[in-house]
Amino acid sequence: MPLLRRLGATVVVAIAAFLVTSAPAIAAPTVTLLAPSNGQTITVQPGQLITYKWQVSWPDAPAQGTVTSYWELATDPSFSPASMYGTDGMSCTLPNYACWTSLAAPKSYGPPWGRTFYWRVTFNGVTSAVGSFRVVLAPDLVKPRVKAYGGSARRGTVAHFMARAADNRGPVRLRATLEWRGLTVLGSSFPFSNTVWSAPLTFYSKGPLPRRMPAGRYQFCITAWDQAANRARSCALYRIR
Numbered sequence: 028m029p030l031l032r033r034l035g036a037t038v039v040v041a042i043a044a045f046l047v048t049s050a051p052a053i054a055a056p057t058v059t060l061l062a063p064s065n066g067q068t069i070t071v072q073p074g075q076l077i078t079y080k081w082q083v084s085w086p087d088a089p090a091q092g093t094v095t096s097y098w099e100l101a102t103d104p105s106f107s108p109a110s111m112y113g114t115d116g117m118s119c120t121l122p123n124y125a126c127w128t129s130l131a132a133p134k135s136y137g138p139p140w141g142r143t144f145y146w147r148v149t150f151n152g153v154t155s156a157v158g159s160f161r162v163v164l165a166p167d168l169v170k171p172r173v174k175a176y177g178g179s180a181r182r183g184t185v186a187h188f189m190a191r192a193a194d195n196r197g198p199v200r201l202r203a204t205l206e207w208r209g210l211t212v213l214g215s216s217f218p219f220s221n222t223v224w225s226a227p228l229t230f231y232s233k234g235p236l237p238r239r240m241p242a243g244r245y246q247f248c249i250t251a252w253d254q255a256a257n258r259a260r261s262c263a264l265y266r267i268r
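Per my numbering, the sequence shown starts with residue 28, numbered consecutively.
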């Protein structure tokens, strides 16, 4: 009996020790991608940014310390070095571990358009699932911006004209004309080129205006086309003396 009592006591002590030393496992953080949603097709305007959003959950986060998050964008789901398209990162001070959960990445997604991109977020060494999305360019329905400026010239001298033209998607082609009573007196066309609104365009006649040219009120007109064939025209009074 004394031996059994000692054995029973030993078992009780072992169970008590086990109950004292066993603690619930600390839950690891989780990272969930929110936007763009997986498989989404996003239609953008030129220069438009895409905002990435994600959620971090860490119920057992320590009260102190620092954690770092990394955002990655690639053209291949393997995220190989050659496919990397963008990276960013930020550190957060605990307990505010989720201080960074969105990013408006200053990236251009084309041309070419229609590609699929892959993204993920790594938080404190824990990486989210990989999300994918496709980016297409919105149809171009916007006319070029164009403005002709008035002026004057004397017969027998070279005439100078000024205009502004620009398009939200790049190059435009132009046609400049001097018109009298609906008839084109002078005219010239110009191929596609990149223009900016802040830089005026200057045109001039190829030679002195004919002295026999009627004096009076004319119109200087500038017509612009963009690469989607959207067209805009502007005219201004031009006097021939």
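All C-beta atoms, glycine included, are put in the ideal place defined by N, C-alpha and C. It should be emphasised that the depicted structure is a prediction, and the values quoted were computed from it without experimental measurement.
Distance from the Cα of arginine 244 is smallest, within the candidate group Arg268, Gly113, Gly158 and Arg182, for Arg268. The Cβ-Cβ distance between threonine 222 and leucine 213 does not fall below 8 angstroms.
Annotation: the stretch 104-176 contains the following complete segments of the beta strand (DSSP E) (minimum length 3 residues), in chain order: 111-120, 129-132, 143-150, 158-164 and 172-176.
Where threonine 59 is concerned, the enclosing beta strand (DSSP E) starts and stops at 57-62. Assignment of glutamine 91 by DSSP, reduced to helix, strand and coil, places it in the coil class. In this structure, valine 185 sits away from proline 237, with a CB-CB distance that is not shorter than 8 angstroms.
DSSP places lysine 80 inside the beta strand (DSSP E), whose first and last residues are 77-84. DSSP, reduced to helix, strand and coil, places alanine 192 within a strand of the structure shown.
For the 8 angstroms CB-CB criterion, tryptophan 146 and leucine 100 form a contact. CA-to-CA, the gap between proline 133 and glycine 74 works out to about 9 angstroms. The C-alpha of threonine 211 lies about 12 angstroms from the C-alpha of isoleucine 249.
DSSP places alanine 180 within a strand segment (E or B) once states are collapsed to three.
Per the Cβ contact rule, the stretch 83-96 is in contact with the stretch 115-124 (3 or more Cβ pairs under 8 angstroms).
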